[in-house]
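> Residue numbers (our numbering), protein chains in the order written: chain A, 1 to 410; chain B, 411 to 781. Structure provided below as structure tokens; questions to follow.
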Amino acid sequence: MTDAGAEKNSRKIKSVGKMKEIMTAYYIDAKTARETGKKVAWITSGGPVEPLIAMDVIPVYPENYGAMIGASKMGGDLCERAEELGYSGDLCSYARADIVCSMVDGGPIGGLPKPDMLICCNNICGTVLKWYEIQARYYNVPLFIFDTPFCHTGYAVEARKYVRTQIDEYTRFLEKACNKRFDHDRMKEVGRLSVEGQHLWQEVLDTAMNRPSPMTCFDAFFHLALIVTLRGTQIAVDYYTSLLEEMRQRVADGISAIPNEQYRLLWDNLPIWYRVKWLSEKFAAHDACLVADTYTSAWCGQLKYMDEDNFLDSMAEGYTRIYLNIGVDEMIKIVLEMVDKYDVDGFVMHSNRSCKPYSLGQYDIQRAVQNERGIPSVMIESHMIDERSFSESQAETRIDAFMEMIKQKG
Amino acid sequence: MERFDDFHEAASDTEAYIRNLKESGRKVLGYMCSYTPEEIIYAAGAHPLRLFGAETNSALADAHLQSYTCSLARGVLEGALSGKLNYLDGMVFPHTCDTVQRLSDIWRLNTDFGFFTDIVLPVKLDTESAKEYMNNVLCKFRRDLEKGMGVTVTDETLKESIETYNTIRGCLKAIYELRSEEPGILTGGDVHAIVKGSMIMDRKYLLKRLPEVIETLRGAKAPSDTEKKRVALVGSICNHPDIYAIIEQSGGVVVWDDLCTGSRYFEGEIGTDGDPIAAIADRYIKRQICPAKYMSTTSRGDSLVEMIRKHRVQGVIFLLLKFCDPHDFDYPYMKGFLDRERIPSMLLEIEDHLPSEGQLLTRFETFTHML
Numbered sequence: 001m002t003d004a005g006a007e008k009n010s011r012k013i014k015s016v017g018k019m020k021e022i023m024t025a026y027y028i029d030a031k032t033a034r035e036t037g038k039k040v041a042w043i044t045s046g047g048p049v050e051p052l053i054a055m056d057v058i059p060v061y062p063e064n065y066g067a068m069i070g071a072s073k074m075g076g077d078l079c080e081r082a083e084e085l086g087y088s089g090d091l092c093s094y095a096r097a098d099i100v101c102s103m104v105d106g107g108p109i110g111g112l113p114k115p116d117m118l119i120c121c122n123n124i125c126g127t128v129l130k131w132y133e134i135q136a137r138y139y140n141v142p143l144f145i146f147d148t149p150f151c152h153t154g155y156a157v158e159a160r161k162y163v164r165t166q167i168d169e170y171t172r173f174l175e176k177a178c179n180k181r182f183d184h185d186r187m188k189e190v191g192r193l194s195v196e197g198q199h200l201w202q203e204v205l206d207t208a209m210n211r212p213s214p215m216t217c218f219d220a221f222f223h224l225a226l227i228v229t230l231r232g233t234q235i236a237v238d239y240y241t242s243l244l245e246e247m248r249q250r251v252a253d254g255i256s257a258i259p260n261e262q263y264r265l266l267w268d269n270l271p272i273w274y275r276v277k278w279l280s281e282k283f284a285a286h287d288a289c290l291v292a293d294t295y296t297s298a299w300c301g302q303l304k305y306m307d308e309d310n311f312l313d314s315m316a317e318g319y320t321r322i323y324l325n326i327g328v329d330e331m332i333k334i335v336l337e338m339v340d341k342y343d344v345d346g347f348v349m350h351s352n353r354s355c356k357p358y359s360l361g362q363y364d365i366q367r368a369v370q371n372e373r374g375i376p377s378v379m380i381e382s383h384m385i386d387e388r389s390f391s392e393s394q395a396e397t398r399i400d401a402f403m404e405m406i407k408q409k410g
Numbered sequence: 411m412e413r414f415d416d417f418h419e420a421a422s423d424t425e426a427y428i429r430n431l432k433e434s435g436r437k438v439l440g441y442m443c444s445y446t447p448e449e450i451i452y453a454a455g456a457h458p459l460r461l462f463g464a465e466t467n468s469a470l471a472d473a474h475l476q477s478y479t480c481s482l483a484r485g486v487l488e489g490a491l492s493g494k495l496n497y498l499d500g501m502v503f504p505h506t507c508d509t510v511q512r513l514s515d516i517w518r519l520n521t522d523f524g525f526f527t528d529i530v531l532p533v534k535l536d537t538e539s540a541k542e543y544m545n546n547v548l549c550k551f552r553r554d555l556e557k558g559m560g561v562t563v564t565d566e567t568l569k570e571s572i573e574t575y576n577t578i579r580g581c582l583k584a585i586y587e588l589r590s591e592e593p594g595i596l597t598g599g600d601v602h603a604i605v606k607g608s609m610i611m612d613r614k615y616l617l618k619r620l621p622e623v624i625e626t627l628r629g630a631k632a633p634s635d636t637e638k639k640r641v642a643l644v645g646s647i648c649n650h651p652d653i654y655a656i657i658e659q660s661g662g663v664v665v666w667d668d669l670c671t672g673s674r675y676f677e678g679e680i681g682t683d684g685d686p687i688a689a690i691a692d693r694y695i696k697r698q699i700c701p702a703k704y705m706s707t708t709s710r711g712d713s714l715v716e717m718i719r720k721h722r723v724q725g726v727i728f729l730l731l732k733f734c735d736p737h738d739f740d741y742p743y744m745k746g747f748l749d750r751e752r753i754p755s756m757l758l759e760i761e762d763h764l765p766s767e768g769q770l771l772t773r774f775e776t777f778t779h780m781l
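As structure tokens, then:
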């Protein structure tokens, strides 16, 4: 091995292999659920998964699958086929690709296992409602909508009652769908594991406060998979325990995520899945490390509302007040806190045509960050998994100009 | 005066109409959604005004909204930021789609019209708890209005307001029905102006004026001897009165619609017994939904087929605002329902301007010839 190769190798996060093994086993389990007599529920990424785990239902995430489609650069082709079916090219690329995969059994891993039920929580967007309606018509399976009223300026008392009631409706729905009693003891254990997993994930992300940072947000995009899909399981807790150990060891050993961290940046919005590697290399070439992001922290940002001893009650508020279900002013507050916490020199915003709740309001957030902290920012536009929408030359020009500004300031 | 000049004038120069109306000292509250409980606003002594986002220049709104935002949101925000909507005394945002949800934040953080409130309605309407929540949210809106406008909204004034709205909506429906029976007794452009005008003009005036309109139409015969193809429009808002004339020129005639500035505005009578707020909530639960809401997985498709049969519709024009996600998601399945019924349909996607008249006429002609 050359010196450069060895140097690069020493930076690799060792847990990656373990993560791939876990995800492979998880998808095998899900794909063989029919044979093992387990039920499969499709659920939105921000949805309350813990009751499913407690009922031994295998949760499957079309959005995680969307990320796989994007990473394997199959999104453009699938999205184009959705357009042929009449779905506008302006719609969410996750939804377009997933809808087509169902119909053709296409996409990575030969498509997702068919759902026995659909759980749709609209705390992330209104798109999932329409997307899951389409899947409910296609698969003709029961659909549970967990309706989390938007919190423009706080969590209203009316909403509090409504969401709490729906948790009972949800457990009754599961009892009917699974034809067995809801196991409240098991639920307590799952709730505890969920909270523990979220704490560990937050601690993993916190290691990026170190200079140099042992990880980038591009690493976080990858390691996020378990806190999304296996939240509430021992597997996730064990994995993040070992990932946290590895990160702390890297800090102790002075192993940085990129070779020469000079500048620290914050990422906003979902990843551009088909350009993760390109972007990470592009920024690394400028000695810039994207140390944190608003996206992966959304799976632990509600810990302040969560009570592991009273999980079901507290999750009502936790799931309703997630990052995408709050007003732009509250988002600005969180972004500013992250700017300070991770001590960043610039802000990279992905203006994501696939995600209006995440993207509309970004101009206001951008101005607030510039005014309050005086750091430069850049906006890159794309559809998160439709690679046809991405202009590499335009992104490159913008990133170079942005980095020039940061370097001049520095 | 021409038969419907008053409606046409209010619809085309809303600013002049509203400035004139405000001379009486009335407060004007803007809204942009068919789930706005106008009855409560009206009972609070304010004048509810539907905004249509007609601004074509959007330099100021472009600093807040990306290019992939619909022209309605962009136009309304431009009106607010440019001062053209300065006659508003407030704005009310019922929760509907992702775009309006963020527009509300942007509005709250960047404008100051006095009164502002979100009405965070449930997204699903098919459960008891959602209905109860809807009721509670409307009660909260009533309290917000009382506080913000410094008034008391009694059950009595609410019931009077409900009567007013039942009459106005009932009249609009009657006009639609007369047109469906005898298309051509008034133009599509007239109907558009009457419905749009009814969301703009003094409601007390409408109470008197709309029954007169019905009188002039009842028993009237369409002048044309040529048989026109019966068409329905499906979509969100239609703010392009010219479209009706072009359809008529192409040999078609609009006989009904599923638009939030059309039948979704007037469908459903509010009960007059019992609690008025519960009665308003009940109408939203029973009324045809907007695609940003959920009733069942096929409720919109089923209603569409029902409407087709009831009004003997021969062809459907989907009139969709570009970047309107809820309607875009429903389009393939709604079209599928029509295909099953062997009802031809066409899709017209609108940004802020209509395509050129010649192009549009050709498209409509091709379509009506298929019917």
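Beta carbons: idealized from backbone N, C-alpha and C, even for Gly. Bear in mind that the values here come from a model prediction, so they are computed numbers and not experimental data.
Beta-carbon of asparagine 122 of chain A versus every beta-carbon of chain B: anything under 7 Å?
Yes, asparagine 122 of chain A counts as interfacial toward chain B.
> Ends of the beta strand (DSSP E) at isoleucine 576 of chain B?
Isoleucine is not the amino acid found at residue 576 of chain B; the sequence shown has asparagine there. Asparagine 576 of chain B -> not in any beta strand (DSSP E); alpha helix (DSSP H) instead, spanning 565 to 591.
> For arginine 710 of chain B, which residues in the same chain have their Cβ closer than 7 Å to its Cβ, ignoring the five residues on either side in sequence?
Ile699, Pro701, Asp740 and Met744, listed in sequence order.
> Does any CB atom of chain A fall closer than 7 Å to the CB of serine 492 of chain B?
With 7 Å as the cut-off, serine 492 of chain B does not count as an interface residue toward chain A.
> Determine contact between the segment 19 to 39 of chain A and the segment 350 to 359 of chain A, defined as no fewer than three beta-carbon pairs at a distance below 8 Å.
They do not touch, by the three-pair rule.
> Got a sec: is the Cβ-Cβ distance from serine 391 of chain A to anything in chain B below 7 Å?
Closer than 7 Å: no.
> By how many angstroms is the C-alpha of glutamate 573 of chain B removed from the C-alpha of methionine 411 of chain B?
Unreliable positioning characterises methionine 411 of chain B in this predicted model, as indicated by a pLDDT of 47, which lies under 50. A coordinate reading is not provided.
> Taking DSSP's pairing of strands, which residues face tryptophan 267 of chain A in a bridge?
In DSSP, tryptophan 267 of chain A forms a bridge with A/Asp293 and A/Val348.
> Please confirm if serine 468 of chain B has its CB atom under 7 Å from at least one CB of chain A.
No, because no Cβ of chain A sits closer than 7 Å to the Cβ of serine 468 of chain B.
> Compute the Euclidean distance between the alpha carbons of tryptophan 201 of chain A and threonine 229 of chain A, then round it to the nearest angstrom.
In a straight line, the C-alpha of tryptophan 201 of chain A is about 13 Å away from that of threonine 229 of chain A.
> Mind listing the chain B neighbours of cysteine 125 of chain A? Cutoff is C-beta to C-beta under 7 Å, in chain order.
Those within 7 Å of cysteine 125 of chain A in chain B are Asp508.
> Determine whether the beta carbon atoms of threonine 294 of chain A and aspartate 329 of chain A lie at a separation below 7 Å.
It is not a contact, given that the beta carbons lie outside the stated cut-off.
> Assign histidine 779 of chain B to one of three DSSP states: helix, strand, or coil.
Of the three classes helix, strand and coil, the one that applies to histidine 779 of chain B here is helix, per DSSP.
> Should glutamate 158 of chain A be labelled buried (16 or more other beta-carbon atoms within 10 Å of its own) or exposed?
Label assigned to glutamate 158 of chain A: buried.
> Among B/Lys614, B/Gly768 and B/Leu482, which has the Cα closest to the Cα of threonine 466 of chain B?
Of B/Lys614, B/Gly768 and B/Leu482, the residue nearest in Cα terms is B/Leu482.
> Under the rule that 16 or more other beta-carbon atoms within 10 Å means buried, what is valine 104 of chain A, buried or exposed?
Counting Cβ neighbours within 10 Å, valine 104 of chain A comes out exposed, since fewer than 16 surround it.
> Can you check whether the CB of phenylalanine 777 of chain B is closer than 7 Å to the CB of isoleucine 656 of chain B?
Cβ distance not < 7 Å, so isoleucine 656 of chain B and phenylalanine 777 of chain B don't count as in contact.
> Take the Cβ of threonine 506 of chain B as the centre, count every other Cβ of all protein chains shown within 10 Å, and call the residue buried at 16 or more, exposed below.
So threonine 506 of chain B counts as buried.
> State yes or no: is the C-beta of arginine 164 of chain A within less than 7 Å of the C-beta of alanine 30 of chain A?
Contact flag unset, no.
> Give me the Cα-Cα distance between histidine 737 of chain B and glycine 5 of chain A, rounded to the nearest whole angstrom.
One C-alpha to the other measures close to 52 Å.
> Return the chain-ordered ranges of every beta strand (DSSP E) run that is complete within the segment 93 to 166 of chain A and spans a minimum of 3 residues.
Qualifying beta strand (DSSP E) stretches, in chain order: 117 to 121 and 143 to 146.
> Would you give the residue range spanned by the beta strand (DSSP E) that tryptophan 666 of chain B belongs to?
That run of the beta strand (DSSP E) goes 662 to 668.
> When the distance is taken between beta carbons, is leucine 568 of chain B closer than 7 Å to valine 547 of chain B?
Against a cut-off of 7 Å, the Cβ pair of leucine 568 of chain B and valine 547 of chain B comes out as no contact.
> Can you check which of these residues, B/Glu587, B/Val438 and B/Met442, is closest to methionine 717 of chain B by C-alpha distance?
Out of B/Glu587, B/Val438 and B/Met442, B/Glu587 has the C-alpha closest to the C-alpha of methionine 717 of chain B.
> Do the segment 445 to 454 of chain B and the segment 540 to 555 of chain B touch if we need at least three Cβ pairs shorter than 8 Å?
Touching, yes, given that three or more Cβ pairs across the two stretches are closer than 8 Å.
> Using DSSP bridges, identify the partner residues of serine 766 of chain B.
Serine 766 of chain B is not bridged to any residue.
> Could you give the DSSP three-state label for methionine 411 of chain B: helix, strand or coil?
For methionine 411 of chain B, the pLDDT reaches just 47, beneath the cut-off of 50, and the residue's location in the model is therefore unreliable, although a value from the coordinates is still provided. The answer is coil: DSSP assigns methionine 411 of chain B none of H, G, I, E or B.
> Just the Cα atoms here: how many angstroms apart are leucine 360 of chain A and valine 378 of chain A?
One C-alpha to the other measures close to 15 Å.
> Quick one: does glutamate 387 of chain A have its CB under 7 Å from some CB of chain B?
Not closer than 7 Å to any Cβ of chain B, the Cβ of glutamate 387 of chain A fails to qualify, so no.
> Determine the DSSP secondary structure at isoleucine 529 of chain B, reduced to helix, strand or coil.
DSSP places isoleucine 529 of chain B in strand when its eight states are reduced to three.
> For the segment 155 to 185 of chain A, which residues have a beta carbon sitting closer than 8 Å to at least one beta carbon of chain B?
From the segment 155 to 185 of chain A, only Ala156, Glu158, Ala159, Lys161, Tyr162, Thr165, Gln166 and Glu169 have a Cβ closer than 8 Å to chain B.
> Just the C-alpha distance for tyrosine 305 of chain A and serine 314 of chain A, rounded to the nearest angstrom, thanks.
If I take the Cα positions, the gap works out to 6 Å.
> Taking the C-alpha atoms as reference points, what is the distance between lysine 639 of chain B and valine 723 of chain B?
If I take the Cα positions, the gap works out to 8 Å.
> Where are the beta strand (DSSP E) runs, 3 residues long or more, that stay fully inside the segment 618 to 660 of chain B, in chain order?
As far as the segment 618 to 660 of chain B is concerned, its whole beta strand (DSSP E) runs of at least 3 residues are 639 to 645.
> In this structure, how does DSSP classify proline 504 of chain B when only helix, strand and coil are distinguished?
The answer is strand: DSSP assigns proline 504 of chain B an E or B state.
> Tell me the rounded alpha-carbon separation between lysine 161 of chain A and leucine 85 of chain A.
About 40 Å.
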